[in-house]
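Step one of this worksheet: look at the structure below.
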Amino acid sequence: MASITLKNVVKRYGFGKSTNQVIHGVNAQIGDGEFVVVVGPSGCGKSTLLRMVAGLEEISEGEISIGQRVVNNLEPSERDIAMVFQNYALYPHMSVFENMAYGLKIAKVPLDEIRARVDKAARILELGPYLRRKPRELSGGQRQRVAMGRAIVRQPQVFLFDEPLSNLDAKLRAHTRLEIQKLHRELGITSLFVTHDQVEAMTLAQRMIVMNDGVMEQFGTPEEVYTRPATTFVAGFIGSPPMNLLKNAPDAKPGTIVGIRPEHLDITAKGWSLNVDALEMLGAERLVYGRWLHGAGDELVIVRCAEDHPAPELGSTIHVTPRAGRLHAFDAATGKRLPI
Amino acid sequence: MEKRVVFRSRWLPWVLIAPQVFIIVAFFFWPAAQALLQSVQQSDAFGTSVEWVGLENFINLWNDETYLASFYTTAIFSVSVAVAGISLSLMLAVFADRVVKGALIYKTLLIWPYAVAPAVAGVLWLFMFAPSVGVVSYGLRAMGVDWNHLLNGTHAMTLVVMAAVWKQISYNFLFFLAGLQSIPKSLIEAAAIDGARPWRRFWTIVFPLLSPTTFFLLVINIVYAFFDTFAIIDAATQGGPGKDTAILVYKVYYDGFKAMDLGGSAAQSVVLMVIVVVLTVVQFRFVEKKVNY
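As they're listed, the protein sequences go chains S and V. Under my numbering, the first residue of the first sequence carries the number 1, and numbering increases by one thereafter. Under my numbering, the first residue of the second sequence carries the number 341, and numbering increases by one thereafter.
In structure tokens, the structure reads:
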């Protein structure tokens, strides 16, 4: 097992004028045995970052180390990593057993040990009955488990996951999320997990990296990211519905943006006045969309209240109060968090 | 998700397929039927007298040493063409798949030979290897090889194989390139992470995944070597020296149109027809089954 250190990692494509920089100096220290999720919208460079750790993309600038070794110039096979791909990348002409044994055979592991390791992984992942089958004879979930099995049997220092759950249906995804958590508890291998799904990120991560446009916006525990978002991007990306980012809140200082999560606004007798614009019933809760009544610029404010709370009428006026200590402030120009 | 047009009219569908039917009947079925008929007949060189002889033409074939020799020649020729053509084009396709800069030019140049008519290809190679004036034979002589395909059967065979392979490489190349591009990149990456070096990745991942393409091309190339190389041989060696490059299809032509043995020539055509039917059946049987990865 090993830690992963990213020092000023930069990725550029192309030369000269047509240079396209997609990652702008990422610094991060991932501890030994830690489970870190990289999350961000598509095109933010999260997969590229992972592929640089894997050795599938060159590192344009900066340094990546796994354990004590700088791996910049090492082949993927020399980095002691295993990767689970989004499309699983199972070898279609090989059986499940052969798929899992391929890397071990190349490493010239004795046949007895290969069998022992594959059997063990198959037991953990409940793949025992399918070892003789070809990938095309398996369901999506089973294929995903084979891909995990192929990673496990190599006993690497680091697991890399590139959106491994995005091809599964919602139910299976939730189930597999739990399985991955369990697996990480049992094996304790340092893991880097890339996803665009914030629920996956929040539930799996011990710490998470939120990326946007090739920049690391925040690196922290899910709780930190939720309660103290470092930038307006993080505030808007994590949480559903996203945090209200308000330029025209009644008591806002000029040049700042006030942030308040919909669940931290309570409908009260007095407070910010809103005109109810739309209502959404989600089951356990209700979303109220309101617009300012105090004459400032037009903005939409989302309020989330429990389902048993009486629903306001469309077009009526309500008053809301932010909960104590739940207000955030950001610099309007840079988007960075300001102390309250 | 089948899209189907339903015609109200009874005759319109027939009219629409009539041109195709006409072409198939006039240029495929009718000549084939003619060959079948002629193969059981004996006629004189002018076609004035026709006699029913049953299977005598076929029996004569099996007793004809030159026919059996032609079979042997054809086997050598088609196996050489198929093996050399497939391996060379696979190599070129693997290279082309890696080229980033100028890939389009490289690919276009590789596809060009396919646009050259077979007879022209034969003449091209004939010129290059002409014993007295050819540029390649000049170079070969400088290296101590006394090239003369007009006298040396092995030289002649080498020449027609080269010309035939050159002509077919484009076709094979296209299929291999398409095959290579349909292999997901992540498979190769997974193999790289698993520790496989490029050579091993090729033989354990890429080549097995290309096997349906390879098998398809094997059949296509054998059919090509059997039939479509007639013009190359006619232009380059005319089956010579002696009968050293007279493959079956050339012998059909020679016996029929030069030696005027129409019955024997037709019988040979029928044998070729059977061979092509067998190859086609093999093709459909095995390829269809193996493609679905």
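Ideal Cβ positions, reconstructed from N, Cα and C, are used throughout, including at glycine.
Residue-level contact to chain S via CB, residue 534 (chain V), 8 Å cutoff: Closer than 8 Å to some Cβ of chain S, the Cβ of residue 534 (chain V) qualifies, so yes.
Under 9 Å by beta carbon: chain S residues contacting residue 549 (chain V): Taking a Cβ-Cβ cut-off of 9 Å, the neighbours of residue 549 (chain V) in chain S comprise 91, 92, 93, given in sequence order.
Close beta carbons around residue 365 (chain V), own chain, < 6 Å, minus the five adjacent residues each side: Taking C-beta separations shorter than 6 Å and ignoring five residues to either side along the sequence, residue 365 (chain V) has no partners in its chain.
Backbone secondary structure at residue 24 (chain S) - three-state DSSP: In the three-state reduction of the DSSP assignment, residue 24 (chain S) falls in the strand class, which pools E and B.
Cutoff 8 Å: residue 540 (chain V) Cβ touching any chain S Cβ: Under the 8 Å criterion on CB atoms, residue 540 (chain V) is classed as interfacial with respect to chain S.
8 Å Cβ shell around residue 319 (chain S) - same chain, five flanking residues per side excluded: So the list reads 267, 268, 269, 270, 271, 272, 273, 274, once near-sequence residues are dropped.
Identified DSSP bridge partners for residue 388 (chain V): None, per the DSSP bridge assignment.
Segment contact, 8 Å Cβ cut-off, at least three pairs: the stretch 37–55 of chain S with the stretch 17–27 of chain S: Cβ pair count under 8 Å is three or more, so yes.
Where the stretch 114–137 of chain S meets chain V: residues whose CB sits under 8 Å from a CB there: Correct list: 136.
With 16 other Cβ atoms within 10 Å as the buried cut-off, status of residue 211 (chain S): Its Cβ being crowded by 16 or more others within 10 Å, residue 211 (chain S) is buried.
Alpha carbon of residue 80 (chain S) to alpha carbon of residue 533 (chain V), nearest angstrom: C-alpha of residue 80 (chain S) to C-alpha of residue 533 (chain V): approximately 9 Å in a straight line.
Where residue 356 (chain V) falls, given that 16 or more other Cβ within 10 Å makes a residue buried: The residue is exposed, with fewer than 16 neighbouring Cβ atoms inside 10 Å.
Cβ neighbour criterion (16 or more within 10 Å) applied to residue 412 (chain V): So residue 412 (chain V) counts as exposed.
First and last residue of the uninterrupted alpha helix (DSSP H) at residue 301 (chain V): One cannot answer for residue 301 (chain V) here, as it falls past the ends of chain V, which runs 341 to 633.
Test item: CB-CB of residue 173 (chain S) and residue 103 (chain S) under 8 Å: No, the pair does not count as a contact, with Cβ atoms beyond the cut-off.
Residues near residue 119 (chain S) by beta carbon distance below 6 Å, same chain, minus five either side: Excluding residues within five positions, none has a Cβ falling inside 6 Å.
Chain V contact for residue 168 (chain S) (CB, 8 Å cutoff): Output row for residue 168 (chain S): interface = no.
is_contact[residue 530 (chain V), chain S] using C-beta, thresh 8 Å: Taking a beta-carbon distance threshold of 8 Å, residue 530 (chain V) counts as an interface residue toward chain S.
Nonlocal neighbours in the same chain, by C-beta distance under 6 Å from residue 4 (chain S), ignoring five residues either side: Same-chain partners within the cutoff: 30, 66.
Sequence-distant residues of its chain with Cβ nearer than 8 Å to residue 340 (chain S) (five each side left out): Excluding five sequence positions before and after residue 340 (chain S), the CB atoms of its chain that fall closer than 8 Å to its own CB belong to 327, 328, 329, given in chain order.
Selection of the stretch 11–37 of chain S by Cβ proximity to chain V, strictly under 9 Å: For the stretch 11–37 of chain S, the beta-carbon criterion of a distance under 9 Å to any beta-carbon of chain V is satisfied by none of its residues.
Within-8 Å CB hit, residue 377 (chain V) to chain S: Between residue 377 (chain V) and chain S, the shortest Cβ-Cβ separation is not below 8 Å.
Under 8 Å between C-beta atoms of residue 90 (chain S) and residue 151 (chain S): At the C-beta level, residue 90 (chain S) and residue 151 (chain S) stay beyond 8 Å of one another.
Buried versus exposed, by CB contacts within 10 Å (16 or more), residue 372 (chain V): When all chains shown are included, residue 372 (chain V) counts as exposed.
Residue 346 (chain S) (DSSP reduced to helix, strand or coil): Chain S is shown only over 1 to 340; residue 346 (chain S) falls outside these bounds and no answer can be derived.
Neighbour flag for residue 45 (chain S) against chain V, beta carbons, 8 Å: So, not an interface residue.
Whether residue 347 (chain V) touches residue 429 (chain V) by CB criterion (8 Å): With respect to residue 429 (chain V), residue 347 (chain V) sits apart: the two C-beta atoms are not nearer than 8 Å.
7 Å CB neighbourhood of residue 101 (chain S) in its chain, flanking five on each side removed: If you ignore the 5 residues before and after residue 101 (chain S), its C-beta comes within less than 7 Å of the C-beta of 114, 118, all in its own chain and listed in chain order.
Contacts around residue 528 (chain V), its chain only, beta-carbon distance under 8 Å, and the 5 residues preceding and following it disregarded: If we look at residue 528 (chain V) and ignore the five residues flanking it on each side, its Cβ neighbours are 541, 545, 546.
Cβ-based burial, residue 561 (chain V) [other Cβ within 10 Å; buried from 16]: Here residue 561 (chain V) is buried. Its C-beta has 16 or more other C-beta atoms within 10 Å.
Segments of 3+ residues assigned as beta strand (DSSP E) that fall wholly inside the stretch 180–249 of chain S: Those beta strand (DSSP E) runs which fall completely within the stretch 180–249 of chain S and span 3+ residues are 190–195, 207–212, 215–220, 244–246.
Residue burial classification, residue 286 (chain S) (beta-carbon count within 10 angstroms, cutoff 16): Buried: at least 16 other Cβ atoms inside 10 Å.
Cα-Cα separation between residue 110 (chain S) and residue 98 (chain S), rounded to whole angstroms: Rounded to the nearest angstrom, the two C-alpha atoms are 14 Å apart.
Assigned secondary structure, residue 585 (chain V) (DSSP; H/G/I helix, E/B strand, else coil): Note: residue 585 (chain V) maps to coil in three-state DSSP.
Three-state class that DSSP yields for residue 259 (chain S) in the structure shown: Look at residue 259 (chain S) here: in three-state DSSP terms it is strand.
Residue 184 (chain S) burial status per 10 Å Cβ neighbour count (16 or more: buried): It is buried - the Cβ of residue 184 (chain S) has at least 16 other Cβ atoms within 10 Å.
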